[in-house]
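Peer 1: Numbering (this note's numbering), first residue to last: 1 to 524.
I am attaching a structure below and will ask some questions about it afterwards.
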């Protein structure tokens, strides 16, 4: 059956920018794809989707599956062409996607031979290495760790402007936020690595197997969050992994004071589905052992591939490989509100770094003199940076004269994160520390530069012109954080480039969202 249709979508299909800056992309999370594509808004409806998309031939058009050729019109009669994308395996309609824009592409291959297509806006062609760093390593790790080969034949990723979320795991074709496209400096502050791993993990957990109802949504988000952490552990080590788990535990413990909806409930919060789901899996994996966990997951995916699942399906596979009491696990971690903080702490304390960090946190109420020697030892050590950050944060309320030596020791660090912690705690800067603090303006961090510039401009008005001249060419992240700050400070600085004030205001005004036009796009 072939049919033609027209639609004026109120959501799910978005048109961003115009002319050469136009981007068109979809976001059908949940059950909204029918706004632009005739389809069943039901995650249990698995269908093979093949899309042919007609658009201006000067643009790149992406969809699910492999590109099975294009139809090119004679240029004199029609500037459009049709891209034909083909899927071979069934999926839910919320995972159908389309992205159109002026994209450039790089390709790679995984160890198992799966082709990878990595896209960026043409203007960002020099940011492939920093944006997509570790992509093939993450892919190879997942195939080994999960034990099930990537099921879809090809995998591509594309960033778009004004995306609604960090990323979306459309089958074979992840869309993610332009905010994660970074250069070498931006990479020190913000990376795509975790989102990259999370969305790729969804190709197994969510796409290959799909939760039958919202009640079991943790089987997608909890798994994707946890496997992203396992990938980061493979890349950055156990201390990094434990620190991420600790930060999640902190958020969950804080949220549990008001968030009383348990994990196994369709009305649970995103924090619960994602991070409590990940912690539940970590607790399970630690108790049954990594090998048994891997066996259970592998059997679960093989048995229910291209089907819909529920929590009982997964726990049955756990029962098949271990004697672990999944009934108690389900009651405590999935059906009970709150967070099992004591069980989480017991696991975290098995790591020596976390044990030292938790001990340091308990020192907060002690007098400074009693812990000064410990602080100095930590700052001089090779310990993972969060413990040094904690030392610096505990210095925030200490009089400058007492902490000056430790601050200088911190600024002598090669760690951008440690130096950034100093920039954050200095509400006031004594004159004899001004030059040391000014060195932060030279750090390879857009966040540190932003904090330091704003602080110095505020505290030393006689040096405002110097700071503005020093930073007048700064741009920052894709959101232009440094340029916007500079324009704001330039406008507020009396006597600074008075003849250019209107120009500065107009440039700042131009950063506001503009109206967009909707161009022609036809679906076949």
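Each residue gets a CB set at the ideal place from its N, CA and C atoms; glycine is no exception.
From the DSSP output, which residues share a beta bridge with residue 16?
Peer 2: Note: residue 16 sits in a beta bridge opposite 23.
Peer 1: Can you say whether residue 181 is buried or exposed, counting buried as having 16 or more other CB atoms within 10 angstroms of its CB?
Peer 2: It is buried - the Cβ of residue 181 has at least 16 other Cβ atoms within 10 Å.
Peer 1: Keeping to the same chain, check which residues put their C-beta closer than 7 angstroms to that of residue 368; ignore five residues upstream and five downstream.
Peer 2: Cβ neighbours of residue 368 beyond the five flanking positions: 398 and 402.
Peer 1: Going by DSSP in three states, residue 211 sits in which element: helix, strand or coil?
Peer 2: Residue 211: strand per DSSP, three-state reduction.
Peer 1: Residue 363 to residue 371, Cα distance in whole Å?
Peer 2: For residue 363 and residue 371, the distance between alpha carbons rounds to 7 angstroms.
Peer 1: At a cut of 8 angstroms, does the stretch 276 to 291 reach the stretch 212 to 224 through at least three beta carbon pairs?
Peer 2: Enough Cβ pairs lie closer than 8 angstroms, so yes.
Peer 1: Tell me the residue span of the beta strand (DSSP E) that contains residue 69.
Peer 2: Element bounds for residue 69: 66 to 72.
Peer 1: Classify residue 415 as helix, strand or coil using the three-state DSSP reduction.
Peer 2: Residue 415 falls in the coil class under three-state DSSP.
Peer 1: Give the DSSP-derived three-state secondary structure of residue 227 in the structure shown.
Peer 2: Residue 227: helix per DSSP, three-state reduction.
Peer 1: Could you tell me the alpha carbon to alpha carbon distance between residue 334 and residue 494, rounded to whole angstroms?
Peer 2: Going by the C-alpha atoms only, they are around 59 angstroms apart.
Peer 1: By a C-beta neighbour count over all protein chains shown, 10 Å radius and 16 as the cutoff for buried, is residue 174 buried or exposed?
Peer 2: Buried is the call here.
Peer 1: Would you say the stretch 109 to 121 touches the stretch 140 to 158, given that touching needs at least three Cβ pairs under 8 angstroms?
Peer 2: The stretch 109 to 121 vs the stretch 140 to 158: in contact.
Peer 1: Of all the options 162, 112 and 167, which has the alpha carbon lying nearest to the alpha carbon of residue 144?
Peer 2: The shortest Cα separation from residue 144 among 162, 112 and 167 belongs to 112.
Peer 1: Of the residues 243, 273 and 376, which one's Cα is nearest the Cα of residue 337?
Peer 2: With distances taken between Cα atoms, residue 337 lies closest to 273.
Peer 1: One question on the structure: do residue 452 and residue 440 come within less than 7 angstroms of each other, judged by their Cβ atoms?
Peer 2: Yes, the pair counts as a contact, with Cβ atoms nearer than the cut-off.
Peer 1: Just the Cα atoms here: how many angstroms apart are residue 350 and residue 445?
Peer 2: Roughly 33 angstroms between the two C-alpha positions.
Peer 1: Does the structure place the stretch 86 to 101 close enough to the stretch 33 to 48 that three or more beta carbon pairs sit under 8 angstroms?
Peer 2: Touching, yes, given that three or more Cβ pairs across the two stretches are closer than 8 angstroms.
Peer 1: Around the Cβ of residue 331, are there at least 16 other Cβ atoms within 10 angstroms (buried) or fewer (exposed)?
Peer 2: That one is exposed.
Peer 1: Determine the extent of the beta strand (DSSP E) in which residue 83 is found, giving its start and end residues.
Peer 2: 80 to 86 is the span of the beta strand (DSSP E), which, as asked, contains residue 83.
Peer 1: If you follow the alpha helix (DSSP H) that residue 196 is in, where does it begin and where does it stop?
Peer 2: Looking at the DSSP string, the run of the alpha helix (DSSP H) that includes residue 196 is 193 to 202.
Peer 1: By Cβ distance, which residues of its chain are closer than 7 angstroms to residue 518, with the 5 residues on each side in sequence left out?
Peer 2: Here residue 518 scores only 49 on pLDDT, less than 50, and its place in the model should not be relied on; the value that follows carries that caveat. Contacts found: 15.
Peer 1: Would you please state the rounded distance, in angstroms, between the beta carbons of residue 12 and residue 32? I believe it to be under 8 angstroms.
Peer 2: Right, the Cβ-Cβ distance comes to about 5 angstroms (below 8 angstroms), so this counts as a contact.
Peer 1: Could you work out which residue in 234, 434, 314 and 72 is closest to residue 462 when comparing CA atoms only?
Peer 2: The shortest Cα separation from residue 462 among 234, 434, 314 and 72 belongs to 434.
Peer 1: Please state whether the Cβ-Cβ distance between residue 481 and residue 507 is less than 7 angstroms.
Peer 2: Result no, Cβ atoms of residue 481 and residue 507 do not sit closer than 7 angstroms.
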